[in-house]
Structures are given as C-alpha cells and as structure tokens.
Amino acid sequence: MSSECKCIIFIGDGMGGRPVPSLGQRTTIEAASTPALDAIAARGESGYLHPAGIGVPIGSDTAHMAILGYDPFTYYRGRGPFEAKGVGIDVRPGDLAFRCNFSTLQGRVVTDRRAGRIKSGTDQLAQAINEGLRDGIEGVEVIFRQSVEHRAALVLRGEGLDHRVSEVDPHEEDTDYWECRPLPEAADDTNAVRTARIVNEFVARSSEILQDHPVNKQRAAEGKPMANAALPRGVGTAVDLEPFELKYGMTGAMIVEVDLVRGLGTYLGMDVIDVEGATGGADTDEYAIAKAVEAAWADHDFILANIKAPDLGGHDGEPLQKIQAIEKVDRAAGYLLDALDWGRTALLLAADHCTPCGLKDHSGDAIPVAFCGYGVRPDAVVSYGERACAAGSIGHIQGPDVMRVLSSFAGRAHKFGA
Ligand code: ZN
Ligand code: ZN
C-alpha cells in the first residue's frame with residue numbers, strides 16, 4: 004500500500020506571521036478559527052520550516068523552488084524564465100527571458116505603466132511584434148507573448164547573451180523609461196554590452212510597431228491609453244531544471260494561483276491545473292481548489308496546492324482580511340480531511356513564507372508546518388500556529404528536507420546503504 008501513497012503539499016501563501024497588537028498579541032493564524040488546520044496538527048507532526056535557510060526572507064517563486072527541492076541559490080536566475088514559461092513560450096536553457104508590461108509612452112515618458120490595464124487586443128499586438136522582428140536583432144531570435152491584461156514576456160535566444168543588464172521599466176509613472184545598460188559588474192563584458200543594445204533595439208522597434216497598430220488607433224479613438232510600448236524587466240537566464248517526475252519518480256500536479264509559481268510548475272513538467280473560481284484574490288473559491296486537489300489526487304502521485312489570499316492580507320497590513328483568508332485555507336483543508344483516503348496520503352500543511360501584517364512584506368521568520376497522514380507519528384501538538392508548532396516533534400526543517408520527509412512518510416524514499 005505504501006508504494007501507492009500520495010503526497011500533498013498544501014500551502015496557505017504567506018500564512019505565517021508575527022504577534023499582532025490589535026489581536027491581543029496573537030498571530031493571524033492563532034486568531035483565526037481553524038478547526039481543520041488544528042486537526043491536521045493534532046493528527047500529525049509539527050515543526051518549523053525555513054525554505055532557504057534560517058532567517059532568509061524569500062519570494063513565493065524561490066520558496067516554492069526550495070520546497071520542491073530545487074535549490075534557489077543554485078537555480079534561480081530571475082523571474083523572467085518562469086514568467087515566459089507560464090505564458091506558453093517554449094523556454095530553453097540558455098534563453099534570456101524578461102517580464103514585460105504593455106505601457107503607454109509619450110515620447111520617452113511613461114504615462115501609464117499598464118496601458119490602462121488593457122484587457123483585449125494584446126494577442127494582436129504581440130503578433131505584430133513577432134512579425135515585425137521575425138528576422139531577429141543582431142542575429143538573436145526574438146519571441147514575444149502576451150499574458151493576462153498588460154503583462155507579457157520576452158525571450159531572446161542566441162549566442163553571446165548575458166543576463167547582467169538593467170531594467171527598462173522605471174517602475175513608476177511620469178518619468179522616462181530607462182535605457183538598458185550592462186550592470187556595473189559587467190560594464191566591460193562584450194556580451195552584456197551587446198545584450199543591452201539588443202534590448203534597447205527591441206524597445207525602440209516594438210514601440211514603432213505598436214504606435215500605428217489598429218488596436219492602438221482604436222484605443223486612441225476611444226480615449227483609452229495606447230499600449231504603445233513593451234518595457235522589459237526581471238531578466239533571467241533559463242536554466243536546466245530536472246523535471247519533477249524524473250527527480251522524484253512521482254507524477255506531479257500543481258494547483259496554484261500565483262502565475263510565477265505556475266510557470267515553475269510548467270518548467271518542471273508538472274501538470275498545472277486551472278481551477279474555475281480560483282481568482283488569486285480574497286474572493287477565491289476555496290472549495291473549487293479543494294475539489295481540484297481531490298480530482299488530481301486520483302491520477303497523480305504528488306500535488307502542490309496554494310491559496311494566495313493570506314499573503315494579500317499580509318501585504319495590505321490588514322489582520323482581519325488575513326484572518327478571513329486563513330479561514331478559507333481552513334475550509335479547503337477541512338474538505339480534504341473528509342474527502343481523501345488518509346491511509347494513502349501524506350500531507351504537509353505549510354506556508355511558503357511569513358507575511359506579517361506589521362511588516363507588509365515577506366519576513367525571514369520560521370513557518371509553522373504540520374505533516375499528517377500515512378506514516379506520520381503524532382506528537383503532542385494539538386493546534387496549528389506559530390507558538391504551537393514550535394513545540395512539535397519534527398523540529399526545524401529546511402527546503403531540501405521537505406520532499407525527503409514526505410517521501411519517507413509515503414514509503415517512497417530510497418534507502419541509503421544496505
Ligand atoms: Zn508566497
Ligand atoms: Zn507576497
């Protein structure tokens with residue numbers, strides 16, 4: 004039976020936090036009503052997780068890499084490659100990938116970084132860019148693809164490229180967009196100098212193409228901001244990551260609301276499952292997500308699920324909003340406690356990082372976690388939270404431990420030695 008045991012990592016994004024004065028110094032997890040999360044802790048082994056090492060604040064993308072056993076310090080080369088993979092570009096090792104915004108320019112001045120959050124026509128704009136630049140720039144292939152709203156991705160493919168170049172998107176409005184330059188440490192590097200030149204050429208030529216495009220003529224006629232530029236940022240070099248199934252011998256599914264993490268899943272060859280009603284916001288349908296996990300359980304060995312909402316409450320510095328989001332995570336967990344065969348499931352309940360409301364950003368704090376299900380030896384912890392999990396038997400674990408511990412519970416680990 005154990006060889007058939009499935010593994011689940013169930014994440015409330017940014018769910019961990021710090022004591023909140025207005026909550027009587029409880030954390031938002033401690034203040035929330037979480038019968039299901041508590042039941043997981045009561046049935047399981049609790050502890051603390053440090054995805055990228057003790058005290059390291061971490062992003063959602065790098066945290067998910069670390070939790071899946073891909074060392075972000077080795078393999079993370081910026082957000083661009085995941086973004087590009089997430090929008091469907093066939094990213095290959097060595098490609099340079101950027102995130103882009105369709106923006107509104109007047110001359111060099113960025114008047115709207117998101118082109119009025121353009122909703123339609125970006126597929127036609129992207130097609131025009133690809134056609135206009137089909138011969139590439141300086142022998143480098145240019146691949147551009149729209150994402151949702153104003154977002155897009157750019158891939159440069161060819162010899163002699165270097166990721167050590169600066170951003171073009173100025174990250175604020177009513178200011179000039181930035182010229183791409185080699186970073187100071189690569190100022191004399193021929194490839195970095197050439198890459199910066201190619202990026203600047205891309206911005207100039209794509210702006211020309213977009214300026215006269217029918218989609219923009221119509222937007223101008225309707226009084227909407229034109230999407231007359233595509234401004235790159237977040238450059239990264241695509242690396243070769245071992246596919247999840249090869250690395251672990253398990254078929255993997257990802258049910259997540261964060262685009263970058265979805266891109267990571269695609270990158271790792273996992274099935275990235277769309278869930279209707281999973282909005283990535285405070286209004287997300289937690290039952291739809293839980294049901295998608297239940298469905299994926301039937302035909303995958305491993306599932307990673309993530310509900311984004313708690314992180315938003317943390318960034319907004321709104322404890323009550325975060326509590327409501329954590330209670331959504333609890334309801335999804337409760338559904339799974341009822342729905343799954345726990346004689347054939349090992350689950351880790353976790354966050355990818357803490358997002359304390361008082362900080363409005365990710366902290367390097369330890370994340371409360373609890374393992375439950377097949378193979379798990381229950382400890383004395385009976386509730387889920389920052390204080391409670393500190394007393395758990397699993398102690399302090401780091402990113403590379405997660406898949407080892409889960410695989411061991413599930414009877415899927417390979418014995419070391421005779
Ligand atoms: Zn996160
Ligand atoms: Zn966040």
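Remember, the working numbering sits 3 above the position in the sequence shown when you count from 1.
Just so you know, even glycine gets a beta-carbon here, dropped at the ideal spot from N, CA and C.
Q: Could you tell me which of Arg120, Gly19, Ile14 and Cys8 sits nearest to Gly367, measuring between CA atoms?
A: When only C-alpha atoms are compared, the closest one is Gly19.
Q. Can Asp355 be considered in contact with ligand 1, in the sense that its beta carbon sits closer than 8 Å to one or more heavy atoms?
A. At least one heavy atom of ligand 1 falls within 8 Å of the beta-carbon of Asp355.
Q | Sheet register partners of Ser49 (DSSP bridge) | A | Looking at the DSSP output, Ser49 sits in a beta bridge with Ala373.
Q) How is the alpha helix (DSSP H) around Gly402 delimited, first residue to last? A) For Gly402, the enclosing alpha helix (DSSP H) starts and ends at Gly402 to Phe412.
Q.
As a quick exercise: from Gly89, Ser123 and Ala118, pick the residue whose alpha carbon is nearest that of Asp109.
A. Note on identity: in this sequence residue 109 is Gln, with Asp being the wrong assignment. Cα-wise, what sits closest to Gln109 is Ala118.
Q.
Given this structure, state the Cα-to-Cα distance separating Glu389 from Asp277, to the nearest angstrom.
A. Glu389 and Asp277 have their C-alpha atoms some 31 Å from each other.
Q: For Ser396, verify whether its CB is less than 8 Å away from any heavy atom of ligand 1.
A: No; taking the cut-off as 8 Å, the Cβ of Ser396 has no heavy atom of ligand 1 nearer than that.
Q | Nearest candidate by alpha-carbon position, reference Lys88, set Thr269, Ala69 and Gly317 | A | Closest option to Lys88, Cα to Cα, is Thr269.
Q | DSSP bridge partner residues for Phe425 (one or two, in chain order) | A | Outside the modelled stretch of the chain, which goes from 4 to 421, sits residue 425, for which no answer is possible.
Q: Just the C-alpha distance for Leu99 and Leu271, rounded to the nearest angstrom, thanks.
A: If you take the alpha carbons of Leu99 and Leu271, they lie about 18 Å apart.
Q. Can you give the Cα-Cα distance for Ile208 and Asp215, rounded to whole angstroms?
A. In the sequence on display, residue 208 carries Arg and not Ile. Looking at the two C-alpha atoms, the distance is approximately 12 Å.
Q | Through-space distance from Gln28 to Ala34, alpha-carbon basis | A | Going by the C-alpha atoms only, they are around 9 Å apart.
Q) Who are the near neighbours of Gly283 in its chain, counting only those whose CB is closer than 6 Å to its CB and skipping five residues on each side? A) Correct list, in chain order: Glu260 and Lys311.
Q: Determine, using beta-carbon pairs with one atom in the stretch 393-410 and one in the stretch 318-338, whether at least three such pairs fall under 8 Å.
A: No, the stretch 393-410 does not touch the stretch 318-338.
Q: Determine the burial state of Ala383: buried for a count of at least 16 other Cβ atoms within 10 Å of its Cβ, exposed for fewer.
A: Under the 10 Å beta carbon count, Ala383 is surrounded by fewer than 16 other beta carbons and is classified as exposed.
Q. Exposed or buried, which one is Gly47 when buried takes at least 16 other CB atoms within 10 Å?
A. Classification for Gly47: buried.
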